[in-house]
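Take the sequence shown: its letter number 95 is residue 95 in the numbering used here, and every next letter is one higher.
A virtual CB, placed ideally from N, CA and C, is assigned to each residue, including glycine.
Quick caveat: nothing in here was measured; it's all calculated off a predicted structure.
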Amino acid sequence: MARRLPPLNALRAFESAARHLSFTKAAEELHVTQAAVSHQIKGLEEWLGMPLFRRMNRALILTETGQSYLPPVRDALDTLSHATERLFRMDGSGALTISTMPSFAAKWLVMRLGRFQARHPELEVRLHTTPQLVDFAQQDVDIGIRFGAGNWPGLRCERLMTEDIYPVCSPSLLDGPRPLCCPEDLRHHTLLHDDYFITWGTWGEAAGIAGLDHARGPRFDDSALLLQVAAEGGGVALARGVLVADDVAAGRLVRLFDIHLPGNYAYYVAAPPHYFSRPKVKAFRDWLFEEAAADPAAAHSRTLSAAESATTSTPDA
């Protein structure tokens, strides 16, 4: 059965006026006029069909009906207020669910998350890794990080980082039977392919390599796996600078030659627009941009925050 409830604003006006025994003080508390409070209470009395106050010359007195009605109204408003405060507290702390691509999580985000947790120990971080786009209406996700053109419908998209594309390999290949001294030496090595982005053909044209069979070699739909195979000496990979920077710094991979191409896409922070006002989302977003700005792999472009919207989607990984 449908609940039979009086208007909420009228109940607030009644509770405040009954507590102060003054329409004027109730109006000050509720930031409305005294006439508005009087109108709300008159409407409530008409809705109930019985008086709640006796209006004297210099006093306001509760009727017996008003006295009996006040405690449950006050309790109901208190319950509603406390429940709302709990929701706001939950929105600012508790669990923070981040959705991103497995490759970005493994090669960039995970090793930095400890710094975010140290800054915000009140938040429980949950990392959701998937190559698929997030349906924020159906999934319990607070914020997403995606690689693409940043034009995902209905979302606010802020560009986090762009990157360069360049070849890398295991240090073992440099001293092998066919050293990699110049781009033409790639003809003697296995080429590893990232299925989604800049191809060996495009890079080979930029490098001016003649006769490079850029179609040969295994293909990968996971950039982290591509880099792992390269680090184990399985071939030469075209790497995305943001993902490979830590492997190069640690010596697991070596950057080849001085030829690089700008990536076609960028990393974006994405969520429904109103999510960005949530304290925990804002905290993570701000920290993320700090980390990205300090990343040498993205130093050539730095970071750019730009709210964007569009009507078409693009591949992400």
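Three or more C-beta pairs under 8 Å: does that hold for the segment 235 to 243 against the segment 161 to 170? yes
Can you have a look at C157 and say buried or exposed, based on whether 16 or more other CB atoms are within 10 angstroms of its CB? For this step, residue 157 is matched to residue 157 along the sequence shown. By the neighbour-count rule (16 or more Cβ atoms within 10 Å), C157 is buried.
Measuring straight from C-alpha to C-alpha, what distance separates C182 and T202? If you number the sequence shown from 1, residue 182 lands on position 182. If you number the sequence shown from 1, residue 202 lands on position 202. Between C182 and T202, the C-alpha separation is close to 17 Å.
Does the pairing of the segment 93 to 112 with the segment 141 to 148 give three or more beta-carbon distances under 8 Å? yes
Looking at the structure shown, is S81 part of a helix, part of a strand, or coil, going by DSSP? The sequence position of residue 81 within the sequence shown is 81, counting from 1. Three-state DSSP puts S81 in a helix.
Going by the DSSP bridge assignment, what does G144 pair with across the sheet? Translated into positions along the sequence shown, residue 144 becomes position 144. Paired residue(s): S99 and A270.
With H20 as the anchor, note down where its alpha helix (DSSP H) starts and where it stops. Taking the sequence shown and counting its residues from 1, the one referred to as residue 20 is at position 20. It spans L8 to H20 - the alpha helix (DSSP H) in which H20 sits, taken as one unbroken run.
Meets three-Cβ-pair contact criterion under 8 Å: the segment 255 to 270 and the segment 65 to 74: no
Would you check if the distance between the CB atom of R252 and the CB atom of A224 is smaller than 8 Å? In the sequence shown, counting from the first residue as 1, residue 252 sits at position 252. In the sequence shown, counting from the first residue as 1, residue 224 sits at position 224. No; because the gap between Cβ atoms is not below 8 Å, this pair is not in contact.
Minimum C-alpha distance to K280 - residue among L30, Q132 and R126: The residue you call residue 280 lines up with position 280 of the sequence shown. Ranking L30, Q132 and R126 by Cα distance to K280 puts R126 first.
With DSSP as the reference, label L261 as helix, strand or coil. Numbered from its first residue, the sequence shown carries residue 261 at position 261. The answer is strand: DSSP assigns L261 an E or B state.
Length of the line joining the Cα atoms of G241 and L123: Locating residue 241 in the sequence shown gives position 241, counting from the first residue. Locating residue 123 in the sequence shown gives position 123, counting from the first residue. Rounded to whole angstroms, G241 to L123 spans 30 Å at the Cα level.
Return the Cβ separation of A105 and T129 in integer angstroms, given the expectation that the two are a contact with Cβ distance under 8 Å. Here residue 105 corresponds to residue number 105 of the sequence shown, with the count starting at 1. Here residue 129 corresponds to residue number 129 of the sequence shown, with the count starting at 1. Contact flag correct, Cβ pair sits at about 5 Å.
Going by alpha carbons, who is nearest to R115 out of P262, W287, P296 and D295? Residue numbering aside, residue 115 sits at position 115 when the sequence shown is read from its first letter. Closest by alpha carbon: W287.
To the nearest angstrom, how far is it from the Cα of L11 to the Cα of E45? Looking up residue 11 in the sequence shown gives position 11. Looking up residue 45 in the sequence shown gives position 45. Answer to the nearest angstrom: the Cα atoms are 10 Å apart.
Output needed for F23: all residues of its chain with C-beta closer than 6 Å, excluding positions within five of it in sequence on either side, in chain order. To locate residue 23, count along the sequence shown from 1; it is residue 23. Counting only Cβ-Cβ distances below 6 Å, and skipping sequence neighbours, we find A17, Q34, V37 and S38.
With a threshold of 16 other CB atoms inside 10 Å of the CB of R55, please say whether the residue is buried or exposed. Locating residue 55 in the sequence shown gives position 55, counting from the first residue. Result: exposed.
Beta-ladder partner(s) of P183, from DSSP: Start at 1 with the first residue of the sequence shown, and residue 183 comes out as number 183. Note: P183 sits in no beta bridge, so no partner.
Going by Cα to Cα distance, which pick from G154, P296, R187 and V110 is closest to Y275? On the sequence shown, position 275 is the one that residue 275 refers to. Closest option to Y275, Cα to Cα, is G154.
Where does the unbroken alpha helix (DSSP H) through A283 begin, and where does it stop? For this step, residue 283 is matched to residue 283 along the sequence shown. P279 to A293 is the extent of the alpha helix (DSSP H) around A283.
Give a single yes or no on whether K42 has its beta carbon closer than 7 Å to a heavy atom of the ligand SAM. The ligand SAM is not among the ligands present in this structure, which contains no ligands whatsoever.
What does L127 pair with, by DSSP beta-bridge criteria? Position 127 of the sequence shown, counted from the start, is the residue given in the question as residue 127. Answer by DSSP bridge pairing, in chain order: I98.
Once DSSP output is grouped into helix, strand and coil, what is the label at E158? If you number the sequence shown from 1, residue 158 lands on position 158. Three-state result, E158: strand.
Between A149 and Y267, which are expected to be in contact by the criterion C-beta below 8 Å, what is the C-beta distance as a whole number of angstroms? To locate residue 149, count along the sequence shown from 1; it is residue 149. To locate residue 267, count along the sequence shown from 1; it is residue 267. At roughly 11 Å, the Cβ-Cβ gap does not stay under 8 Å, so A149 and Y267 are not in contact.
Nearest neighbour of N9, chosen from T63, A292, E291 and K42 [CA to CA]: Along the sequence shown, read from residue 1 onward, the residue named residue 9 stands at position 9. Ranking the options by Cα distance to N9, first place goes to K42.
Does DSSP put L256 in a helix, a strand or coil? Looking up residue 256 in the sequence shown gives position 256. The answer is coil: DSSP assigns L256 none of H, G, I, E or B.
Give the DSSP bridge partners of I165, in chain order. For the purposes of this step, residue 165 is taken as residue 165 along the sequence shown, with counting starting at 1. Note: I165 sits in a beta bridge opposite R240 and L261.
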